[in-house]
Amino acid sequence: MLDRRKYFVGIILQFQLHRAMCLASRQFDPSDPEKPLHKCDIYRHPEAGNLLKDLMSKGASQPWREVLQETIGEGRLDGSALREFFKPLEEWLRQENLRNQEFVGWMYDGDYCKHSIETANLQVIGGFYNVARTIQPIFMIIFTAPLLPILGIQRLLMTSV
5 MLDRRKYFVG IILQFQLHRA MCLASRQFDP SDPEKPLHKC DIYRHPEAGN
55 LLKDLMSKGA SQPWREVLQE TIGEGRLDGS ALREFFKPLE EWLRQENLRN
105 QEFVGWMYDG DYCKHSIETA NLQVIGGFYN VARTIQPIFM IIFTAPLLPI
155 LGIQRLLMTS V
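Mapping the sequence shown onto my numbering, position 14 (from 1) lands on 18, and the numbers just tick up by one.
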């Protein structure tokens, strides 16, 4: 079980570090559509290598959050880099779903989930609520499948069928 948590944290951290190295090497600019994160190439960019060297040189001498804060200016895990990397895929999926008039979401069952719907900024469309503006459930399944056993969701899903 611990291995899966390490795997999950490692993936989030991988995308977060990739974004930081791309920013350092000026291969990614969030405000420039010509330099998206998914096209960033840090090969032979000393700025990216130096950032990674600074990060790795600390070893286990400091808590990882302090090292992360000192090196990339972010002291906690942040999944937004993963979302940024897959933004073109997410947008394509959203457009394809609209084009094909595919519904992605769950049945809206009245007030049972009202608080969740409001806090997650979901929209209710024709008796269904979905997250078409943000992230597609298939995208979530791909990246959260390794977490299901950790969270005990796999057992919950099997009993509800």
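Note that the Cβ used here is the ideal one computed from N, Cα and C, for glycine as well.
All values reported here derive from a predicted model rather than from experimental measurement.
Name the two residues that bound the continuous alpha helix (DSSP H) containing residue i.
i	result
residue 64	Where residue 64 is concerned, there is no enclosing alpha helix (DSSP H), given that its DSSP letter is neither H nor E.
residue 14	6-28
residue 71	68-76
residue 84	84-89
Out of the options, state which residue places its alpha-carbon closest to the alpha-carbon of residue i.
i	options	result
residue 166	104, 72, 76	This structure gives no information on residue 166, because the portion of the chain shown stretches from 5 to 165.
residue 22	97, 49, 6	49
residue 82	15, 65, 102, 46	15
residue 55	108, 24, 87, 34	24
residue 87	10, 103, 106, 20	20
By Cβ distance below 7 Å, which residues in the same chain neighbour residue i in space, the five residues on each side in sequence not counted?
i	result
residue 51	28, 29
residue 42	89, 92
In chain order, what residues of the same chain lie with their CB nearer than 6 Å to the CB of residue i, ignoring the 5 residues before and after it?
i	result
residue 44	26, 31, 32
residue 140	Residue confidence is low: residue 140 scores 44 on pLDDT, short of 50, so the model does not pin down where it sits. Its coordinate-derived value is still stated next. Here the set comprises 97, 108.
Suppose you measure from the CA of residue i to the CA of residue j; what does that come to, to the nearest Å?
i	j	result
residue 92	residue 100	12 Å
residue 73	residue 40	24 Å
residue 90	residue 62	30 Å
residue 35	residue 98	22 Å
residue 67	residue 18	18 Å
residue 53	residue 47	9 Å
residue 84	residue 94	13 Å
residue 58	residue 37	29 Å
residue 142	residue 108	Bear in mind that the predicted position of residue 142 carries a pLDDT of just 46, short of 50, making it too unreliable to give a figure here.
residue 65	residue 71	9 Å
residue 102	residue 96	10 Å
residue 69	residue 10	15 Å
residue 6	residue 60	22 Å
Tell me which residues share the same chain as residue i and place their Cβ nearer than 8 Å to its Cβ, disregarding the 5 neighbours each side in the sequence.
i	result
residue 104	none
residue 78	20, 24, 72
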